[in-house]
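Trainee: If you want this note's numbering, it's the position in the sequence shown, counting the first as 1, plus 7.
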Amino acid sequence: MYKRYHNAMEYLFGAIVSWVVNNILNRFFFRARKTDQIIEALEGRLAEKDKSIELLKKEQKRRAKEKHHIVRALKRSGISTDKLISKYDKPLNAILISYASQKELTPRGRLRESHFIRTELERYNVKYLGGSDSLIPPAKVPKNIKNSNDLKVWFDSEILKGRYCKLKFLVLLDLRKKAFWNSNLPYIQTRTLHRTLGEVLSVEDIFTEEQISKIALSDIVRSGDIAWLASDILSLDELEIIHKNQSLIEGELGNPPLRLLSNDGMVATLSTVLTQHGISNPDEVASVIVREAKFWHSRLR
């Protein structure tokens with residue numbers, strides 16, 4: 008009797024232990040499976056995030072490349088910056104600055120000569136016109152500068168920084184409405200000590216990529232841009248000649264629009280004017296201009 012009782016108790020105890028162990032193991036493996044699922048889900052989310060970041064990087068690269076192509080195309084095309092400016096309908100503020108003596112305090116509290124302004128202006132991609140006359144191009148002018156008071160606050164806090172200088176002038180000007188920079192010289196200077204705004208400003212100095220994308224380039228082409236039409240055949244030196252004399256050349260031609268330049272009868276007139284400005288193969292260049300004008304006129308009608 009006792010033996011039966013003892014066997015029954017052993018069986019019951021074993022069953023209980025087995026149930027407890029199984030229950031613990033099931034919970035352990037359930038938790039393990041749950042942990043695995045959580046880890047798998049997190050890894051999936053991280054993979055999706057990495058994929059999104061990669062796609063974003065690719066999109067940013069694509070946009071940067073596209074913007075680069077726009078700027079490069081504008082530079083190579085030969086469209087003059089003053090024509091681009093004329094087609095832009097918002098202010099293009101630049102800062103014109105000229106200064107004389109500059110001084111700063113020594114550790115002993117004495118004033119000494121200094122040249123800090125030139126150093127401070129470098130981070131604004133400043134263009135030097137000759138002497139101490141300098142220009143911060145529109146693309147680098149801080150966006151918060153809207154008037155003369157903003158200009159003074161900026162100069163005091165970002166350039167002077169407690170130092171001293173004698174300003175000849177500090178001007179905020181809209182290149183679209185308040186600047187004229189033609190050289191009015193019938194020759195190209197070989198040793199230029201002083202330069203005009205047009206000689207120092209490139210397309211990317213004046214416009215941001217966003218601004219360029221808003222310019223109606225078709226309007227410029229329709230107006231009969233000589234440099235644009237001749238850019239494929241001109242050398243870089245001759246393209247520079249056309250750029251520097253573009254207003255004069257187009258004026259001598261009677262400022263013909265694309266429609267008139269697409270006429271074969273313009274070849275002789277173009278050749279004559281181009282000869283006067285030192286273009287080495289004027290007949291060929293004139294023919295190319297008319298041919299290009301025909302092409303663009305047919306496409307833009």
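Here a beta-carbon is modelled for each residue, glycine too, at the ideal position from N, C-alpha and C.
No experiment lies behind these values; they were computed from the predicted model shown.
#1: Just to confirm, is the Cβ distance from lysine 173 to alanine 237 under 8 angstroms?
#2: Looking only at C-alpha atoms, which of Trp303, Phe302, Leu246, Leu268 sits nearest to glycine 285?
#3: Beta-carbon within less than 7 angstroms of arginine 202's beta-carbon, same chain only, minus the 5 sequence neighbours each way: which residues are those?
#4: In its own chain, which residues sit with a C-beta less than 8 angstroms from the C-beta of tyrosine 12, not counting the 5 before and 5 after it?
#5: Mind checking phenylalanine 304: buried by the 16 CB within 10 Å criterion, or exposed?
#6: Would you mind sorting tyrosine 131 into buried or exposed? The rule is 16 or more other CB atoms within 10 Å of its CB.
#7: Measuring only the C-alpha atoms, how far is glutamate 129 from valine 178?
#8: Return the first residue and the last residue of the beta strand (DSSP E) that aspartate 181 is part of.
#9: Under 8 angstroms by Cβ, that's how I've got lysine 134 and valine 207 pegged, so tell me the actual separation to the nearest angstrom.
#10: Count the other CB atoms within 10 Å of the CB of threonine 113; is the residue buried (16 or more) or exposed (fewer)?
#11: Should valine 210 be labelled buried (16 or more other beta-carbon atoms within 10 Å of its own) or exposed?
#12: Do you know offhand how far aspartate 244's Cα is from threonine 279's?
#13: Examine the Cβ distances between the segment 151-161 and the segment 116-123 and report whether three or more of them are shorter than 8 angstroms.
#14: Quick check on this structure: which residue in Arg306, Met273, Phe302 has the alpha carbon closest to the alpha carbon of glutamate 291?
#15: Kindly indicate which three-state DSSP category arginine 115 falls into: helix, strand or coil?
#16: Does the distance from the CB of phenylalanine 176 to the CB of serine 121 come in under 8 angstroms?
#17: What do you reckon, are the CB atoms on serine 163 and asparagine 100 nearer than 8 angstroms?
#18: Nearest by alpha-carbon distance to tyrosine 171: which of Gln109, Arg229, Arg306, Asn270 is it?
#19: DSSP has glutamine 109 in a bridge; who is on the other side?
#20: Is isoleucine 213 near alanine 146, with beta carbons less than 8 angstroms apart?
#21: From leucine 267 to serine 287, what distance separates their C-alpha atoms?
#22: Which residue marks the beginning of the alpha helix (DSSP H) containing aspartate 212, and which one marks its end?
#23: Count the other CB atoms within 10 Å of the CB of glycine 169; is the residue buried (16 or more) or exposed (fewer)?
#24: Which whole runs of the beta strand (DSSP E) in the segment 117-175 are 3 residues long or more, in chain order?
#25: Which whole-angstrom value is the C-beta distance of leucine 255 and leucine 277, which I expect to be below 8 angstroms?
#26: Could I get the ranges of all uninterrupted alpha helix (DSSP H) runs contained in the segment 213-274, with 4 residues as the minimum, in chain order?
#27: Per DSSP, which one or two residues make a beta bridge with isoleucine 102?
#28: Where do the N-terminal and C-terminal ends of the alpha helix (DSSP H) with glycine 205 fall, by residue?
#29: To the nearest angstrom, how far is it from the Cα of aspartate 140 to the Cα of glutamine 283?
#30: Tell me which same chain residues have a C-beta within less than 6 angstroms of the C-beta of glutamate 111, skipping the five on either side of it?
#31: Taking 8 angstroms as the cut-off, decide whether the C-beta atoms of valine 228 and leucine 265 are in contact.
Mentor: Quick look at the numbers:
#1: Contact flag unset, no.
#2: That would be Leu246, whose Cα lies nearest to the Cα of glycine 285.
#3: The answer, listed in chain order, is Leu136, Gly137.
#4: Here the model assigns tyrosine 12 a pLDDT of 48, short of 50, so the residue's position is not dependable, and the following value carries that caveat. Counting only residues of its own chain and dropping the five nearest sequence neighbours on each side, tyrosine 12 has no CB closer than 8 angstroms to any other CB.
#5: It should be pointed out that residue 304 corresponds to histidine in this sequence rather than to phenylalanine. Under this definition histidine 304 is a buried residue.
#6: So tyrosine 131 ends up on the buried side.
#7: Computed Cα separation, rounded: 18 angstroms.
#8: Start and end: 171-181.
#9: Lysine 134 to valine 207, Cβ: 4 angstroms. Contact.
#10: Here threonine 113 is exposed: its Cβ has fewer than 16 other Cβ atoms, across all protein chains shown, within 10 Å.
#11: When all chains shown are included, valine 210 counts as buried.
#12: Their Cα atoms are separated by approximately 19 angstroms.
#13: The segment 151-161 vs the segment 116-123: no contact.
#14: When only C-alpha atoms are compared, the closest one is Met273.
#15: The answer is coil: DSSP assigns arginine 115 none of H, G, I, E or B.
#16: Not closer than 8 angstroms, so no.
#17: It is aspartate, not serine, that sits at residue 163 in the sequence shown. No. Outside cutoff.
#18: For tyrosine 171, the nearest C-alpha among the options comes from Gln109.
#19: DSSP lists Cys172 as partners of glutamine 109.
#20: In this structure, isoleucine 213 places its C-beta atom within 8 angstroms of the C-beta atom of alanine 146.
#21: Approximately 24 angstroms, taken between the alpha carbons.
#22: Residues 210-213.
#23: Exposed is the call here.
#24: Correct list: 118-120, 134-137, 140-143.
#25: Actually they are not in contact, since the Cβ atoms of leucine 255 and leucine 277 sit about 14 angstroms apart, beyond 8 angstroms.
#26: You should have 216-219, 224-229, 233-237, 243-251, 253-259, 265-268.
#27: For isoleucine 102, which the question treats as bridged, DSSP gives the partners Ile143, Leu179.
#28: Run containing glycine 205: 204-207, per the alpha helix (DSSP H) assignment.
#29: Answer to the nearest angstrom: the Cα atoms are 33 angstroms apart.
#30: Excluding sequence neighbours, glutamate 111 sits near Ser121, Arg170.
#31: A contact, by the Cβ cut-off of 8 angstroms.
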